[in-house]
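What the sequence shown shows, in the working numbering, is residues 417 to 679, in sequence order. In what follows, a single structure is set out as structure tokens and then discussed.
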Amino acid sequence: MSNAPLLEVENLSKSYGGVQAVSGVTFSLMPGEMLALIGPNGAGKSTCFNMVGGQIPSNEGRVRIFGRDVAGLSPRQIWRLGVGRTFQVAQVFKSMTVRENVEAVFASHQAGWGLLARAGKAHRAEAEAVLDLIGMADFADRPCADMAYGDVKRLELAMALANDPKLLLMDEPAAGMAPMERIELMALTARIAKERQIGVLFTEHDMDVVFAHADRIMVLNRGQLIAEGEPEAVRNDPQVRAVYLGEGLVYDQAAAAGKASVR
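Quick look at the structure:
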């Protein structure tokens, strides 16, 4: 790994009226690292995540991406810096084929949406290379409307990789997928992240995914970071165990095969 963080978040805070959604959150993310942001419902995960991605502004604090302060930048401007993004509910063009979806991202990044109609086909080879990377080359001509949701999620990952990002933001990537599909998607993401030295920040409720694939875990509760570290240390943290229903995170050696859980 490089010694320079891809993402630096410093004292990030957000309030809505009298409600403090996020308070003083600080962390960094290195190239090739899988960093999970977890916590109970209402902990502030989505707010924190969307401040990093530019969807909502912070009240205080700073976000630096590749060393640049991104305050005031739109999500699209942040994307164009080299930041990929996936969503809890997959965002694809259902009226297009798999290949056309990826071509659209290449065209938008290089030519802008105004030239999409005539620029899309120029990126056929690039789109097919990305689909091959994630194992969807055989799906290239399939209409998205006819695909299973797990395959739609994989396509969304391909679209997020189309602008050759060095930072990837994934909001609940396993949501709505079958258990084995979740494991396969995140194993694929982790492999690509290591090979291409992409830093991955992801939020996730599924502890199978978190403990099997995260290099580090951050735990939010009531807007504040209560724990941060390697998976085993976080699992044994007393505050974390108390937050998760008083019983904690149950994890053993089977986690690598997707057996971890929250009880």
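Cβ atoms here follow ideal geometry from the backbone N, Cα and C, with glycine treated the same way. Every value quoted in this text rests on a predicted model; they were computed, and no experiment measured them.
From the DSSP output, in three-state form, read off valine 514 for me.
-> helix
Does the Cβ-Cβ distance between serine 490 and glycine 470 come in under 7 angstroms?
-> yes
Look at threonine 619 and aspartate 653 and say whether their C-beta atoms are less than 7 angstroms apart.
-> no
Burial state of arginine 501, where buried means 16 or more other Cβ atoms lie within 10 Å | buried
Exposure of glycine 615, with buried meaning 16 or more beta-carbon neighbours within 10 Å | buried
Straight-line Cα distance separating aspartate 557 from valine 438 | 43 angstroms
Between the C-alpha atoms of alanine 658 and alanine 553, what's the straight-line distance to the nearest angstrom?
-> 45 angstroms
Nonlocal neighbours in the same chain, by C-beta distance under 7 angstroms from alanine 576, ignoring five residues either side = Gly500, Arg501, Thr502 and Leu584
For the alpha helix (DSSP H) that contains asparagine 466, what are its first and last residues?
-> 461 to 469
Taking Cβ to Cβ, would you say histidine 539 is nearer than 7 angstroms to glutamate 516?
-> no
Could you tell me which uninterrupted beta strand (DSSP E) segments, each at least 3 residues in length, are contained entirely in the stretch 476 to 505, listed from first to last along the chain?
-> 476 to 481 and 499 to 502
Reduced DSSP category for serine 431 - H, G, I as helix; E, B as strand; rest coil | strand
Is there contact here, the stretch 419 to 439 with the stretch 464 to 480, by at least three beta-carbon pairs under 8 angstroms?
-> yes
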